[in-house]
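**Q**
There are 2 protein chains.
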Amino acid sequence: MRNLTQDNITQAVIARFAQTPDARLKEIMTALVQHLHAFAREVRLTEEEWFRGIDFLTRVGHITDDKRQEFILLSDTLGLSMLTIAMNNEKPAGCTESTVFGPFYVEGAPHYELGDDVAHGAPGVPCLVRGRVRGLDGEPVPGAEIHVWQADAEGKYDVQRSDLREHLARGVLQANDRGEYFFRSILAEAYPIPDDGPVGDMLKATKRHPWRPAHLHFMIKAPGYETLITHVFRNGDPYLDSDAVFGVRQSLVADWVKQPDGTYLVEYDFVLPRDRRAAR
Amino acid sequence: MRNLTQDNITQAVIARFAQTPDARLKEIMTALVQHLHAFAREVRLTEEEWFRGIDFLTRVGHITDDKRQEFILLSDTLGLSMLTIAMNNEKPAGCTESTVFGPFYVEGAPHYELGDDVAHGAPGVPCLVRGRVRGLDGEPVPGAEIHVWQADAEGKYDVQRSDLREHLARGVLQANDRGEYFFRSILAEAYPIPDDGPVGDMLKATKRHPWRPAHLHFMIKAPGYETLITHVFRNGDPYLDSDAVFGVRQSLVADWVKQPDGTYLVEYDFVLPRDRRAAR
Numbered sequence: 001m002r003n004l005t006q007d008n009i010t011q012a013v014i015a016r017f018a019q020t021p022d023a024r025l026k027e028i029m030t031a032l033v034q035h036l037h038a039f040a041r042e043v044r045l046t047e048e049e050w051f052r053g054i055d056f057l058t059r060v061g062h063i064t065d066d067k068r069q070e071f072i073l074l075s076d077t078l079g080l081s082m083l084t085i086a087m088n089n090e091k092p093a094g095c096t097e098s099t100v101f102g103p104f105y106v107e108g109a110p111h112y113e114l115g116d117d118v119a120h121g122a123p124g125v126p127c128l129v130r131g132r133v134r135g136l137d138g139e140p141v142p143g144a145e146i147h148v149w150q151a152d153a154e155g156k157y158d159v160q161r162s163d164l165r166e167h168l169a170r171g172v173l174q175a176n177d178r179g180e181y182f183f184r185s186i187l188a189e190a191y192p193i194p195d196d197g198p199v200g201d202m203l204k205a206t207k208r209h210p211w212r213p214a215h216l217h218f219m220i221k222a223p224g225y226e227t228l229i230t231h232v233f234r235n236g237d238p239y240l241d242s243d244a245v246f247g248v249r250q251s252l253v254a255d256w257v258k259q260p261d262g263t264y265l266v267e268y269d270f271v272l273p274r275d276r277r278a279a280r
Numbered sequence: 281m282r283n284l285t286q287d288n289i290t291q292a293v294i295a296r297f298a299q300t301p302d303a304r305l306k307e308i309m310t311a312l313v314q315h316l317h318a319f320a321r322e323v324r325l326t327e328e329e330w331f332r333g334i335d336f337l338t339r340v341g342h343i344t345d346d347k348r349q350e351f352i353l354l355s356d357t358l359g360l361s362m363l364t365i366a367m368n369n370e371k372p373a374g375c376t377e378s379t380v381f382g383p384f385y386v387e388g389a390p391h392y393e394l395g396d397d398v399a400h401g402a403p404g405v406p407c408l409v410r411g412r413v414r415g416l417d418g419e420p421v422p423g424a425e426i427h428v429w430q431a432d433a434e435g436k437y438d439v440q441r442s443d444l445r446e447h448l449a450r451g452v453l454q455a456n457d458r459g460e461y462f463f464r465s466i467l468a469e470a471y472p473i474p475d476d477g478p479v480g481d482m483l484k485a486t487k488r489h490p491w492r493p494a495h496l497h498f499m500i501k502a503p504g505y506e507t508l509i510t511h512v513f514r515n516g517d518p519y520l521d522s523d524a525v526f527g528v529r530q531s532l533v534a535d536w537v538k539q540p541d542g543t544y545l546v547e548y549d550f551v552l553p554r555d556r557r558a559a560r
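These protein sequences, in sequence, are chains A and B. Heads up: the first sequence begins at 1 in my numbering, then just goes up one per residue. Heads up: the second sequence begins at 281 in my numbering, then just goes up one per residue.
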């Protein structure tokens, strides 16, 4: 293990993981080293570029706190998040598709009753959201726990506001006995992902725009069913075909319909598969 | 760009980098996406594992500060640092080999005169270090700037001590007109890399030891010559064949010779290639 060269170092590093007790961890570390080294070798990474990479990751780490997750943003913008979701959420036809979780979910959002206004004062055009949660056979999923979160009319999630004292435009609701849900909120608008940090620098340097098409985030949990993490996108948004985080699925695009009083209505039904893991 | 699947998302992400003005950055981002996705695909990364990866990197970022660089430590322990160094430092035969920079170099170390004690009070057995800096044709490199840094008898670099008020066991010297250098310090001892953070967790989970064989760090700069970043290792150290960061080269191993008075002497000559970049 002396005099390692660019030709034999990869095998030497992999050999160092040979005693890993957890077989899955060993598999992951082995593949990680192989692909990381293959990347460096393919581009013939220079020492200065290596250092810039270290510096970039350091900046990603330092801007990340309990309200901003720049590593998730990086994974999202490199398509790693959506690839992981696609690999792990092959569902039976007819089920609602999954998409990226994103960096803006937070624990401890307020609970609301059906019909309440989850906007809770966030700026935006009023909007009614409603639909049903059901299983693949059409059965209602009574009492499903529905987490919803969204950006406001200015493209900001509540946690992006430094003066925040209460959660806005996010909440937890429970579907009724027929699996129905309905709540008031505000119209979703397209917004740029936070681009004042290192991920934004990467987007600018590569001439990528930071925009996400307008959407509502949903996470839906119900006993006996797989948890669904998804969005409902707003039809007609100009960024549906160039989402900065590669999250759009046509089946998740819905019409936000303007009502005579100027408010909006969107209806969307969620279809959950039975929890396949429960059978294990 | 809707309905991306695990089979076509990689090409879609790469296409998003098509407008990158800097050709080298485009090459690097393209290769990074390809290898990152290939890794995730090969191991069929689960969503939980993805999140553990995000959490690991977040912890690496949060423990990193101006005195501790956990991303470099991670790169070192995955062999990426030594691979990068090996690829970029293919030198003419006879030149001193390079090795890892490590996370403990700091700017602003004190300047010393030849013969001074750079330990400056750091605990350890006294040691005299001396040798010459020369070029490949044997010519002396007068006035070469020599940066040295090392751990003390307790295996700690000064920057690892929270109560530090002055730099210890690190300094900058200038070779004399004949390219000679000599300074007093303390005996280098084997030490574990910092293993109380996420990189230490990785080492423990994979049953890897954190030890580095005893060494002095050197960075040597001289006009007209390539900068050399290397170590001098201590012969007989039990970790020479299992360095936690893969940095040992046999040509960098020297004898630390115990003197009648109990102090040590190590002699090492550095041979620098002419700066090939100067001709560009």
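A virtual CB, placed ideally from N, CA and C, is assigned to each residue, including glycine. These numbers come from a predicted model, not from an experiment.
Do the region 92–105 of chain A and the region 258–276 of chain A make contact, defined as three or more Cβ pairs closer than 8 angstroms?
**A** Touching, yes, given that three or more Cβ pairs across the two stretches are closer than 8 angstroms.
**Q** Out of B/Val512, B/Arg332, B/Leu312, which has the shortest C-alpha to C-alpha gap to phenylalanine 381 of chain B?
**A** The residue with the shortest Cα to Cα distance from phenylalanine 381 of chain B is B/Val512.
**Q** Who are the neighbours of asparagine 283 of chain B on chain A, taking C-beta pairs under 7 angstroms?
**A** Within chain A, the residues near asparagine 283 of chain B are Arg249, Gln250.
**Q** What number of angstroms, rounded off, separates the C-alpha of phenylalanine 246 of chain A from the C-alpha of valine 293 of chain B?
**A** Between phenylalanine 246 of chain A and valine 293 of chain B, the C-alpha separation is close to 8 angstroms.
**Q** Determine the chain B residues that contact valine 60 of chain A at a beta-carbon separation under 8 angstroms, and present them in chain order.
**A** By Cβ distance, chain B contributes Leu337, Gly341.
**Q** Run through DSSP, which three-state label would proline 140 of chain A get?
**A** Strand, per DSSP.
**Q** So alanine 494 of chain B and aspartate 521 of chain B are supposed to be a Cβ contact under 8 angstroms. How far apart are they, rounded?
**A** Between aspartate 521 of chain B and alanine 494 of chain B the Cβ distance is about 14 angstroms, and since that is not below 8 angstroms, they are no contact.
**Q** How do the region 411–429 of chain B and the region 495–514 of chain B stand: do at least 3 beta-carbon pairs fall below 8 angstroms, yes or no?
**A** Result yes; three or more Cβ-Cβ pairs closer than 8 angstroms.
**Q** Got a sec: is the Cβ-Cβ distance from leucine 496 of chain B to anything in chain A below 8 angstroms?
**A** Answer no: the Cβ-Cβ gap between leucine 496 of chain B and chain A never drops below 8 angstroms.
**Q** Residue range of the alpha helix (DSSP H) that glutamine 291 of chain B falls in?
**A** Run containing glutamine 291 of chain B: 289–296, per the alpha helix (DSSP H) assignment.
**Q** Counting only C-beta atoms, is histidine 147 of chain A closer than 8 angstroms to chain B at any point?
**A** Not one chain B Cβ lies under 8 angstroms of histidine 147 of chain A.
**Q** From the DSSP secondary-structure annotation, give me the bridge partner or partners of leucine 265 of chain A.
**A** According to DSSP, leucine 265 of chain A bridges with A/Leu128, A/Val257.
**Q** Residues of the region 125–157 of chain A with a CB closer than 7 angstroms to any CB of chain B: list them in chain order, please.
**A** So nothing in the stretch comes that close.
**Q** Quick check on methionine 29 of chain A - is its C-beta less than 8 angstroms from some C-beta in chain B?
**A** Output row for methionine 29 of chain A: interface = yes.
**Q** How far does the beta strand (DSSP E) with isoleucine 193 of chain A in it extend, from its first residue to its last?
**A** First-last for isoleucine 193 of chain A: undefined, no H or E at that position.
**Q** Pick helix, strand or coil for phenylalanine 526 of chain B, following the three-state DSSP scheme.
**A** The answer is coil: DSSP assigns phenylalanine 526 of chain B none of H, G, I, E or B.
**Q** Comparing the C-beta of alanine 485 of chain B with each C-beta of chain A, is any distance below 8 angstroms?
**A** It does: the Cβ of alanine 485 of chain B has a partner Cβ on chain A nearer than 8 angstroms.
**Q** Serine 465 of chain B and alanine 485 of chain B look like a contact to me (Cβ under 8 angstroms); what is the Cβ gap, rounded to whole Å?
**A** Contact doesn't hold; Cβ gap of about 36 angstroms is too wide.
**Q** Any Cβ of chain B within less than 8 angstroms of the Cβ of aspartate 66 of chain A?
**A** No, aspartate 66 of chain A lies away from the interface with chain B (no Cβ there is under 8 angstroms from its Cβ).
**Q** In chain B, which residues lie less than 8 angstroms from methionine 87 of chain A when you measure between Cβ atoms?
**A** Under the 8 angstroms cutoff, chain B gives Gln286, Ala320, Arg321, Arg324, Leu325.
**Q** In whole angstroms, what is the alpha-carbon distance linking arginine 556 of chain B and leucine 353 of chain B?
**A** Their Cα atoms are separated by approximately 29 angstroms.
**Q** Between the region 312–331 of chain B and the region 55–66 of chain A, do three or more beta carbon pairs fall short of 8 angstroms?
**A** Contact between the region 312–331 of chain B and the region 55–66 of chain A is absent, because fewer than three Cβ pairs lie under 8 angstroms.
**Q** Quick one, which of B/Asp335, B/Pro301, B/Trp330, B/Val313 has its alpha-carbon nearest glycine 477 of chain B's?
**A** Per the Cα distances, B/Asp335.
**Q** Whose C-alpha, out of B/Asp346, B/Ile365, B/Tyr437, is nearest the C-alpha of serine 355 of chain B?
**A** Closest option to serine 355 of chain B, Cα to Cα, is B/Ile365.
**Q** Hey, alanine 534 of chain B and arginine 492 of chain B are a contact pair by Cβ (cut 8 angstroms); roughly how many whole angstroms apart?
**A** About 16 angstroms; that fails the 8 angstroms criterion.
**Q** Could you check the C-alpha separation between alanine 109 of chain A and valine 141 of chain A for me, to the nearest Å?
**A** Their backbone Cα atoms lie some 22 angstroms apart in a straight line.
**Q** Let me see if you follow: with CB-CB separation under 8 angstroms, is leucine 508 of chain B close to chain A or not?
**A** Not an interface residue.
**Q** Restricting to Cα atoms, I'd like to know which of A/Ala190, A/Val159, A/Leu203 is closest to aspartate 65 of chain A.
**A** Selected option, being the one with the closest Cα: A/Val159.
**Q** Does the beta carbon of leucine 448 of chain B come closer than 8 angstroms to any beta carbon on chain A?
**A** False, the Cβ-Cβ gap to chain A never drops below 8 angstroms.
**Q** According to DSSP, which residues form a beta bridge with glutamate 460 of chain B?
**A** In DSSP, glutamate 460 of chain B forms a bridge with B/Arg412.
**Q** Which residues share a DSSP beta bridge with threonine 230 of chain A?
**A** Answer is A/Phe218, bridged to threonine 230 of chain A.
**Q** Give the straight-line distance between the Cα atoms of alanine 264 of chain A and aspartate 302 of chain B, rounded to the nearest whole angstrom.
**A** Looking at the sequence shown, residue 264 of chain A is not alanine but tyrosine. Whole-angstrom Cα-Cα distance: 44 angstroms.
**Q** Can you check DSSP and say which residues form a bridge with glutamate 329 of chain B?
**A** Glutamate 329 of chain B pairs with nothing; no bridge assigned.
**Q** Counting only Cβ-Cβ distances shorter than 8 angstroms, please list the residues of the region 386–399 of chain B near chain A, keeping chain order.
**A** Flagged: no residues at all.
**Q** Going by DSSP in three states, leucine 32 of chain A sits in which element: helix, strand or coil?
**A** In this structure, leucine 32 of chain A counts as helix in the three-state DSSP scheme.
**Q** Skipping 5 residues on each side, what residues in its chain have a beta carbon closer than 7 angstroms to that of tyrosine 181 of chain A?
**A** Contacts found: Leu114, Arg130, Gly131, Val133, Ile146, Leu173, Ala175.
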